[in-house]
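Structure first, then comments.
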Amino acid sequence: MEFLLHIEQSGFCTWVRESDSLFAYAGVLLLHTIGMGFVVGIAACIDLRILGFAPAVRLAGMEKFSPVLWLGFWVNTITGIILVAIHATSKLINPDFYIKMIFIALAIVTLHMIKTNVFRDPMIDKVPPSARAKMLAVMSLIFWAGAITSGRLLAYVGAGAAGN
Amino acid sequence: MNAAHIHLLLNHFPTVGFSIGVGLLLVGLFGKSDELKRTSLVIFFLTAAMTIATYVSGSDAQETLKDTPGVSTAVISAHESEALVAFAFMQATGFFSWIALWLLRRVSRFYNWNLAVVLVLSIVTFGLMARAANAGGAIRHPEIQSDVQESSAGDPAPTIASSWRLFVMSNSFVWPTCETLHFIGLSMLFAVVLTVDLRMLGIGKKSLSFAALYQLLPLGMLGFTINLITGIMFFVATPQQYVGFLFFLKMILVVAGAFNVLYFMLLDEPWTIGEGDDASKKTKFVAASAIAIWIGVLFCGHMLPFLGNSF
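Same order as they appear, the protein sequences are chains A and B. Each residue of the first sequence is one higher than the last, beginning at 1 in this note's numbering. Each residue of the second sequence is one higher than the last, beginning at 165 in this note's numbering.
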């Protein structure tokens, strides 16, 4: 706990938390939200396409947006680490934080499985996605929705919630 | 120019736009002119978009007027509630008009059910909007007031807006639930904005044509609809949070987003972009501006607690 307090009270964390600069807390959180739009937006598009929405869109084309997804993912990893560090003593004892991390881990594992099962399939766009691919797509949508929900609730439940 | 001026300027669009739209749709239906039907649908869609800015500018106008002698809070509340009902019907009209415009490109024809829904909704909206406009006029024109009585004693009669406010205040789960849905809607909208507009800028061009990506548009519209509904829920619950320049800028950008999407739905140029084709400079510019507009909307919304009056 002392170690966490040390991080939380460091010069950088104190500045991010307490400065009125738009590049401090407001800017970090803004990047985290834009990153979310990139990650979940592209992932949801791929998932819905696998499920049969917008059938004329070629899945091979959708894969080209993966770098955009990963750009968002790394922006959110960095901003996410900052957002946890500035409230390390409260967020890291909040069970909701770990629920969010589990959802994100599951979503990324699912994304990799979609890559091997759909994008690496030589029959991509020649035959409709398999039942297994559709299952993965549904799971991906559930995991991302879970990540957004648990992330939003970090401001409302457990240690570090507004008003606590 | 203050907030009340802006509200007075914008409040002509809903009634004027819808009277022209209903007229054109009726002429188009009787004269069997698809061009007139299409024009009326575009007018309904754009009027609905502009009415978002009109509706939310009312709160700012109320702030400006609240200490003016002779202005009745009860009359303003009555106007607010009538405007909210009219607004809901207008947005529904805009939504179904957009669906009809989308289907027209997708399957090259109008569906009768769709036009019937738009016709009924637009006529109902026009009536409701005229009523709301009349109630709004009564705020500064006591000579036309008839049915609204100032209740000097006791609580004012509950309105739709005040009941919703009470519901949000007494149920702590409502606000975070709406916020979560607002984030999910944001992701759906971004899904379409990023894929369609980044393709226009060159990503994945070898295997993606515009005509294929066009099929994704309803996903973005659904995301926008979720965010409009949850956004209005925030607004109606705590209108005092959403006054000032930043929030108004957000609404102006939303209107710009509505104009932007019509470029891809009405003009033929994007449709010539097949697999492997580069988009024209103009199309690239419109695509890049779409990404800028929606990130701008997100920016303005996000910064409300930091730069604006929101908490």
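All C-beta atoms, glycine included, are put in the ideal place defined by N, C-alpha and C.
- In chain order, Phe53, Ala54, Pro55, Ala56 and Val57 make up the part of chain A whose C-beta sits under 8 Å from the C-beta of glutamine 379/B.
- Looking at Leu345/B, His243/B, Leu330/B and Met415/B, the one whose alpha-carbon comes closest to that of arginine 295/B is His243/B.
- Each residue's CA atom was taken as its position, placing glutamate 199/B and leucine 285/B some 20 Å apart.
- The shortest CA-to-CA distance from serine 140/A to any of Gly158/A, Leu4/A, His112/A and Ala155/A is the one to His112/A.
- Between the segment 136 to 151 of chain A and the segment 251 to 271 of chain B there are fewer than three inter-stretch CB-CB distances shorter than 8 Å, so the stretches are not counted as touching.
- In terms of beta-carbon proximity, threonine 149/A lines the interface with chain B, with at least one pair separated by less than 9 Å.
- The beta carbon of alanine 225/B lies closer than 6 Å to those of Ala167, Ala168 and His171 in the same chain, with the five residues before and after it left out.
- If you draw a 10 Å sphere on the C-beta of tyrosine 406/B, you find 16 or more other C-beta atoms in it, and that means buried.
- Chain order gives no chain A residues near serine 204/B, where near means a beta carbon separation below 7 Å; the closest approach is about 28 Å.
- Closest option to cysteine 45/A, judged by alpha-carbon separation, among Leu350/B, Gly395/B, Trp458/B and Glu433/B: Leu350/B.
- Taking a 10 Å sphere around the C-beta of asparagine 76/A, we find 16 or more other C-beta atoms and assign the residue as buried.
- Spanning the alpha carbons of glycine 41/A and glycine 192/B requires a straight line of approximately 38 Å.
- The beta-carbon of lysine 448/B is placed no less than 9 Å from the nearest beta-carbon of chain A.
- Serine 373/B and isoleucine 86/A have their C-alpha atoms roughly 45 Å apart.
- With a minimum length of 4 residues, there is no unbroken run of alpha helix (DSSP H) contained wholly in the segment 218 to 251 of chain B.
- When Cβ-Cβ separations below 9 Å define contact, valine 68/A makes contact with chain B.
- Exclusion of the five residues before and after valine 360/B leaves Leu377 as the residues of its chain whose Cβ lies within less than 6 Å of its Cβ.
- When DSSP assignments are scanned along the segment 27 to 98 of chain A, the uninterrupted stretches of alpha helix (DSSP H) that are 4 or more residues long and fall wholly within it turn out to be 59 to 63, 66 to 85 and 88 to 91.
- Excluding sequence positions up to five before and after glycine 222/B, its CB lies within less than 7 Å of the CB of His171, Glu244 and Ala247, all in the same chain and listed in chain order.
- With respect to the C-alpha of arginine 270/B, the residue from Met364/B, Leu381/B and Phe463/B having the closest C-alpha is Leu381/B.
- Going by C-alpha positions, methionine 467/B is about 15 Å away from glutamate 343/B.
- Closest in C-alpha terms to alanine 321/B, from the list Leu189/B, His176/B and Val239/B, comes Val239/B.
- Chain A places no beta carbon closer than 9 Å to that of alanine 454/B, leaving this residue out of the contacts.
- Isoleucine 42/A belongs to the set of residues whose beta carbon lies under 9 Å from a beta carbon in chain B.
- Taken in chain order, the complete alpha helix (DSSP H) segments of 4 or more residues contained in the segment 165 to 212 of chain B are 167 to 174 and 176 to 194.
- Straight across, the Cα-Cα distance linking serine 444/B with glutamate 63/A is about 24 Å.
- Contact note: isoleucine 34/A reaches chain B through Ile459 and Leu462, using a C-beta cutoff of 8 Å and chain order.
- No Cβ of chain B is located within less than 9 Å of the beta carbon of glycine 158/A.
- For serine 204/B, the CB contacts under 7 Å within the same chain, skipping 5 residues up- and downstream, are Gly185, Leu188, Leu189 and Gly192 in chain order.
- In the three-state reduction of the DSSP assignment, glutamate 439/B falls in the coil class.
- Taking the Cα positions, isoleucine 396/B is about 37 Å away from isoleucine 114/A.
- Threonine 33/A is positioned such that its CB atom lies closer than 9 Å to that of phenylalanine 347/B.
- Going by C-alpha positions, methionine 214/B is about 46 Å away from arginine 120/A.
- Straight across, the Cα-Cα distance linking threonine 436/B with arginine 58/A is about 18 Å.
- For alanine 155/A against isoleucine 50/A, the beta-carbon gap comes to about 32 Å, at or over 8 Å, which does not count as contact.
- Residue environment: lysine 91/A is assigned as buried (16 or more neighbouring CB atoms within 10 Å of its CB, all protein chains considered).
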